[in-house]
Each structure stands twice: as C-alpha cells, then as structure tokens.
Amino acid sequence: MTWLQEVWDVARGQLVTEMKEHEKRVWSIDISTADPTLLASGSDDGSVNLWRVSIGTIKTKENVCCVQFPSDSGRSLAFGSADHRVYYYDLRNPKLPLCTMIGHTKTVSYVRFVDSSTLVSSSTDNTLKLWDLSMSVSGVNEAPVYSFMGHTNVKNFVGLSVSDGYLATGSETNEVYVYHKAFPMPVLSYKFKTVDPVSGLEVEDASQFISSVCWRGQSSTLVAANSTGNIKILEILLRFNQKLFILIVTPRIKIAALRRCHVAEAMKGDVELVLKGVGDQAVAKEVKHILEMARRATSRREVLHTDFLTPPVVKESVSVLGKLADVAVVAQGGYPEAERCRISVGHPDVLTNDPDIVAALSITGNLGFQACSHGDFLGAILGTGITRDKLGDILIQVGNVSVTCSKIPLLALEYEPPRTNSFKTVEASLRIDAVASAGFKISRSKLVDLISSGDVRVNWATVTKNGTTVKTGDVVSVSGKGRLKVRL
2 MTWLQEVWDV ARGQLVTEMK EHEKRVWSID ISTADPTLLA SGSDDGSVNL WRVSIGTIKT
62 KENVCCVQFP SDSGRSLAFG SADHRVYYYD LRNPKLPLCT MIGHTKTVSY VRFVDSSTLV
122 SSSTDNTLKL WDLSMSVSGV NEAPVYSFMG HTNVKNFVGL SVSDGYLATG SETNEVYVYH
182 KAFPMPVLSY KFKTVDPVSG LEVEDASQFI SSVCWRGQSS TLVAANSTGN IKILEILLRF
242 NQKLFILIVT PRIKIAALRR CHVAEAMKGD VELVLKGVGD QAVAKEVKHI LEMARRATSR
302 REVLHTDFLT PPVVKESVSV LGKLADVAVV AQGGYPEAER CRISVGHPDV LTNDPDIVAA
362 LSITGNLGFQ ACSHGDFLGA ILGTGITRDK LGDILIQVGN VSVTCSKIPL LALEYEPPRT
422 NSFKTVEASL RIDAVASAGF KISRSKLVDL ISSGDVRVNW ATVTKNGTTV KTGDVVSVSG
482 KGRLKVRL
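Numbering-wise (this note's numbering), the sequence shown opens with residue 2 and increments by one.
The following block contains the structure:
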C-alpha cells in the first residue's frame, strides 16, 4: 500500500501535486517558510522525504513522528523519532546528522524551533525538552537546557506550538499547558470541560485529552482542540495573582455550535517546585517571602523593597526572580562588591531604574588609641535598637570611644577593594576538602572537622559534605580564615 500526500492551493481550492513515495502512515509534514517550494514529510516507514518534487530521503531505523524546518533557513531540518531521539540535519549533507539529541525516554512526538539555534521537543515521557544546538559534543547533545514537566502525556499526540519564547502543549488531563523557555515549570494551564447535550452545563470527562494547540503567529492568542472536536480560542494574559499567574480566556467555539461566551480564569504555579533548587531550607523560606512580594508588586504595578539580605538569600532570590518574564529585579548594597544587599521587585514597566533605597553612614571619632573591630561597630549600632536587617556592609573598623555619625552620599563612600593573593595548586579532584585544604593551608582532616561544625561555606551556603565539588567562580569561605575564589 502506498500512502498519499497532497499539496493544495487553498485560495483556488485546487490540488497542486500528489506525493506517493511513503510506504506507511505519514505522521508529519512541514513546509519551509524560508523556501516555500521545499517540503519534508516523516513516516512510520522510518524515512524523511524531501520534496521539490522529491529531492531526497533521509533513512532512519525507527518511525519518524515529526519534522520541522527552522523559519530562517531551508537548508536544515529537525525531526523526532520513535527511538526517543531528536535529529538535526544540514540538508547539504543528508548522510549524517549535525546533532543527535538524547534525553527522552519515549517516542519524540513533536519538534519545534524556538529560534535558529534552539529547539524544543515533546515526548510521551511527560516532558518537553529545550535544546541548544550549539552545545553538541562530537555531534551528540545529552544535556537539554531545561526539561519542562507538569502536563501528562504518555500515549497520545497532544500538540506543541511556540511563540515568542512561550511553549504551548496539550495534556491527557484535558488541559492546555503553557511554559516559558526560561522557566522549567508551567506558567499557566486551562482545563477544557465537556458541555452536556441535555443540560447544557459543563462537566469533566476524564476520557478526553487535548489533541492540538496553535499560537496565532507571535500574538497572545492560542487555539486549542480536544479529542471530541471541541475547539477553544484562548487569549493569554500573564500577570501575577494569588497563585503566581492568571490565564484569561476569550469566548470558546465548539465545532457543533456556537454557545454563550464565557470568561474563565485558571491560576497555576507551584512555588515549592520553583524552590527545589534552593538547598538550604532557611534560605528557601526567605526566597519564598520575596516571591510573594514580587507577586504583590507586579499585580499592583508598584515597586517593593526588602530589608538587607544575606549573600545566599540575595543570590538565590535574584536567580529565581530572573526566570520570571514579568518581574524586574534590582539588588544593591551601595557599592559594587557589596555582600548584604536590598532587593527591589516590580513590573518591568514600573521598575525602570535603580531605586534610591540605600544610604551611607560615616562614623568618625578619635580611634587612634583604640583597636576597633567589625564586631565593635556592629554591637554599638545594634545597641541603639537598630535591627540587623536594616544594616548593610560595615566597611570601616568601637570600643569605649565617643563618635559622631552623619549621612553621606553613596558616591562619597570610601571603599577599598579587598586585598588578594593568587596561587596555583594541583589537586586530584575538585572536592571542597581538597581545594580548601590547599587554599587555606590547613590539613585535610582539620578541614573535615570544620565542615562538620558548619564553618565552611560555598557561595555563602553552608557545606555539609566533604565530598561537595566546586567549580570556577565559586567563593569558598572558612570561619576565621577568610575566603578564596576558585579559577580553573
């Protein structure tokens, strides 16, 4: 049996050509937008046919479920296969793939280009995966940029569409899910419901699933259809709400009939999932509060500020907030290398510059005959009733000495960069006990004791295992010994 593909002129309603070379079911066809005369088709016969009329065939060992040209070129092609892999070809050399992407554990049902160097794939392993085509090693990429999880997809084709960094897909729970390329969890979802033919009321039907999704160009309009032929046009509006995001949906359309218009809202956002990468529970708790503050600030179109935060809280908060498309974040401590910083959050349209929320305080006095430490200054300030979270870094080094305090401009702050020494060492591994032992010139057994007592930190987060590995750019600190920065 020969399977037939047809190309139609939609404007004229005429059949242009027929293609009959595939021997089994054809799953996917894509026309190159860069070269509209070029067409690719993928089939259960394990082949990708290239047509203009047929200019070539790429043979594979398994069923080909999806094909896709990038929007800016007709010389390359990506496709997904039942062998769980994604292949990327330069069509000028169709004998070998430029890159093979390995990471899915089941059939790859869809591939879509996000841009010329990035693509996303969908599989019946319940995941979408984002791939950077420039990151392959010897033609193989086994490290996706992100794996997107939240929807359910184990056996059906549920659709995949990309627009301006947003990834829409269906789910076998009869829901539409939307992800953003910079954020591994769903930013929103919307659940279809079945209209009872007798009562006219919407009811849930567990047997249905979303079968297709499509963005309208680069707009915020999304069309979705489910397995019973129910089509809805969704208008996506992203903004912060009580549960992270809100989805507003325009009137829905059903193939059988046009019913009353409804506006539905669906909120989705598991904060705990966002915080999974934050290992320290105390830090995660503070980051969660800052996320809540960001929601309020964005929904109200205002700018909110934290008190001074410790370095690990600043680091994790900026990292998490930076993944959210509709949140602007500014961290500042008064000078370039400040450790304790305040964070400002707000909508990008409102938070357009660095807020003036940090002041410098000059403390002067006759300190020539009195050795003063950081603790002296800190203790004296806290003794006035000022709490620690209202204080940033202390840059000058009180005992029983009378002093005067005055506010000065930040630009008048006399800041001396820390003195550093550079050295090289050769170690068998990048374990923290090996690197820190060499850096601080203390025995490895002594360092293990310091780790056990909680006196060793990497990037201001306490280390609990002496087998922890470090990487270039990490800052290692040991109580009473100072800090070192790793450079490989």
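Glycine included, each C-beta is placed from N, C-alpha and C at the ideal position.
None of the values given here were measured: they were computed from a predicted structure.
Do residue j and residue i come within 8 Å of each other at the CB atom, strictly closer than that value?
i	j	result
Ser137	Ser123	no
Ala295	Val351	no
Trp132	Ala169	no
His23	Ser48	yes
Val321	Thr299	no
Val479	Phe441	yes
Ser212	Asn227	yes
Pro497	Val331	Absent from the model: residue 497. The displayed extent of the chain is 2 to 489, so no value can be given.
Phe184	Lys289	no
Val146	Thr125	no
Phe378	Arg343	no
Val477	Arg484	yes
Glu497	Tyr191	No statement about residue 497 is possible, as the shown extent of the chain runs from 2 to 489 and does not include it.
Ile232	Val224	yes
Asp394	Ala339	yes
Under three-state DSSP, which class holds residue i?
i	result
Ile247	Interpretation of Ile247 is limited by its pLDDT of 37, a score under 50 that renders its predicted location unreliable; the figure taken from the coordinates is listed afterwards. Strand, per DSSP.
Val459	strand
Gln69	strand
Phe441	helix
Lys447	helix
Val146	coil
Lys233	strand
Ser135	helix
Ser453	helix
Ile30	strand
Arg566	This structure leaves residue 566 out entirely; the chain is present only between 2 and 489.
Ala41	strand
Lys1	With the chain represented from 2 up to 489, any question about residue 1 goes unanswered, as that position is not in the structure.
Ile59	strand
Out of curiosity, what's the CA-to-CA distance linking residue i and residue j?
i	j	result
Gly376	Asp390	16 Å
Ile82	Val68	The question names Ile, yet the displayed sequence has Ser at residue 82. Between Ser82 and Val68, the C-alpha separation is close to 9 Å.
Asp281	Asn64	45 Å
Leu51	Thr58	6 Å
Ile30	Ser221	25 Å
Gln333	Thr307	11 Å
Ala360	Arg341	13 Å
Leu383	Ile443	34 Å
Val464	Thr106	34 Å
Glu19	Glu7	5 Å
Val214	Ala41	21 Å
Ala439	Phe424	10 Å
Lys130	Leu99	18 Å
Lys21	Ser44	12 Å
Gly380	Ile387	10 Å
Beta-carbon within less than 7 Å of residue i's beta-carbon, same chain only, minus the 5 sequence neighbours each way: which residues are those?
i	result
Val112	Cys67, Gln69, Ala79, Phe80, Gly81, Val87, Leu120, Ser122
Gly151	Tyr178, Met186, Pro187
Leaving aside the five residues before and after residue i along the sequence, list all residues of the same chain whose C-beta is less than 6 Å from its C-beta, in chain order.
i	result
Asn94	none
With a threshold of 8 Å between beta-carbons, can residue i be considered close to chain B, or not?
i	result
Thr108	You won't find chain B in this structure, because it holds only one protein chain.
Excluding sequence positions up to five away, which residues of its chain have a Cβ less than 8 Å from the Cβ of residue i?
i	result
Gly75	Ser33, Ala35, Asp36, Leu39, Leu92
* Asked: Considering only residues of the segment 274-337, which uninterrupted alpha helix (DSSP H) runs meet the minimum length of 4 residues and lie entirely inside it, listed in chain order?
  -> 282-301, 312-322
* Asked: Which ranges would you report for the beta strand (DSSP E) in the segment 84-130 if only whole runs of at least 3 residues count?
  -> 86-91, 100-103, 109-116, 119-124
* Taking the runs of the alpha helix (DSSP H) that are 4 residues or longer, which of them lie wholly in the segment 163-194? -> none
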